[in-house]
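A.B. asks:
In my numbering, the protein residues as written are 837 to 1122.
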């Protein structure tokens, strides 16, 4: 018996799996904090960055929607107020362009098991038929369904293309939804909308091609560690100064992705995302 007890009596050791057989995973933020130990946050806000003309802002659409404080009664008002919020985020960062980039939620996905585990029970799929339709009271429960998220992004697109062009305030808005991306801009007193074929995307995660254009400064706003690691991998192929703005309230901070690249080197920046996937941390994203 003494010899038997030297070994795990479970199919997998407790360091790798729970008693139910689920994978034991470290919180994703641990990796972010470890990186920050070597590269401290940039003091001040992104608004303090040099006011260069060639600057773009990228927003994590799902993070913005998940944390939205919903006080609007209808989906129409929600979409209109969201456009104002997105434009104001660009103006605050002195950007003339803002990309509102979302994920896709295909029915067959490697992330399905994790999404089912984290989703709230009894979630109802809601189809949005008109701008006058009421927003569900349980917003977080509504947003825990991938089908609801994709339905909302389609509705946001249809609403923004009919919105008052004055809401843009001179900012170009790029909306990535489903597999396509559209550009909204003001021209001759009208809201113009055009599809951007170069930003076509058929994979789940928000696309890194939004950083591939020639901008001197790119500001990415997201609370997700996944986004930082994807940005680290993408920054190797660009000379732009990339900033990652994360956290809320007093915990808000700016991290220079470019400085991390110079500190760790290109090889580490490219390999960190592989480590993130191999350790299954990437499957935590919902």
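Just so you know, even glycine gets a beta-carbon here, dropped at the ideal spot from N, CA and C.
(1) By the 10 Å Cβ neighbour count, where 16 or more other Cβ atoms means buried, how is residue 1111 classified, buried or exposed?
(2) In terms of residues, what are the limits of the beta strand (DSSP E) holding residue 893?
(3) Compare the C-alpha of residue 1012 against each of 1028, 973 and 990 and name the closest.
(4) Could you please give me the residues that DSSP links to residue 1082 through a beta bridge?
(5) Check whether the Cβ atoms of residue 1094 and residue 1078 sit closer than 7 Å, and answer yes or no.
(6) What separation, rounded to the nearest whole angstrom, lies between the Cα atoms of residue 883 and residue 983?
(7) In whole angstroms, give me the CA-to-CA distance for residue 969 and residue 900.
(8) Where do the N-terminal and C-terminal ends of the beta strand (DSSP E) with residue 1017 fall, by residue?
(9) Please work out which residues of its chain come closer than 8 Å, Cβ to Cβ, to residue 853, disregarding the five sequence neighbours upstream and downstream, and give them in chain order.
(10) Less than 7 Å between the beta carbons of residue 919 and residue 988, yes or no?
(11) Please go through the same chain and pick out, in chain order, the residues whose beta-carbon is closer than 7 Å to the beta-carbon of residue 1026, but skip the five residues on each side of it.
(12) My understanding is that residue 896 touches residue 1063, with C-beta atoms under 8 Å, so please give their C-beta distance in whole angstroms.
(13) With DSSP collapsed to three states, give me the class of residue 1010.
(14) Since I believe residue 1055 is in contact with residue 1067 (beta carbons under 8 Å), could you give me their beta-carbon distance rounded to a whole number of angstroms?
(15) Do residue 964 and residue 1021 have their C-beta atoms closer together than 7 Å?
(16) Taking only three categories from DSSP, how would you classify residue 1027?
(17) Between residue 867 and chain C, is the shortest Cβ-Cβ distance under 7 Å, so that the two count as touching?
(18) Could you say which of 995, 976, 927 and 1037 lies nearest to residue 905 if we only look at CA atoms?
(19) Just reading off the beta strand (DSSP E) that residue 1053 is part of, what are its end residues?
(20) Kindly identify the DSSP beta-bridge partner or partners of residue 853.
(21) Within this structure, are the beta carbons of residue 1061 and residue 865 separated by less than 7 Å?
(22) Can you tell me which of 850, 898, 1072 and 1084 puts its alpha carbon nearest to the alpha carbon of residue 1099?
C.D. replies: In short, the structure shows the following:
(1) exposed
(2) 891 to 896
(3) 990
(4) 1089
(5) yes
(6) With a pLDDT of 44 at residue 883, under the threshold of 50, the modelled position of this residue cannot be trusted, and the question is left open.
(7) 21 Å
(8) 1016 to 1023
(9) 846, 847, 859 and 860
(10) no
(11) 1001
(12) 6 Å
(13) strand
(14) Actually they do not touch by this definition, with Cβ atoms about 11 Å apart.
(15) no
(16) strand
(17) Protein chain content of the structure displayed is limited to a single chain, and chain C is not contained in it.
(18) 976
(19) 1053 to 1057
(20) 859
(21) yes
(22) 1072
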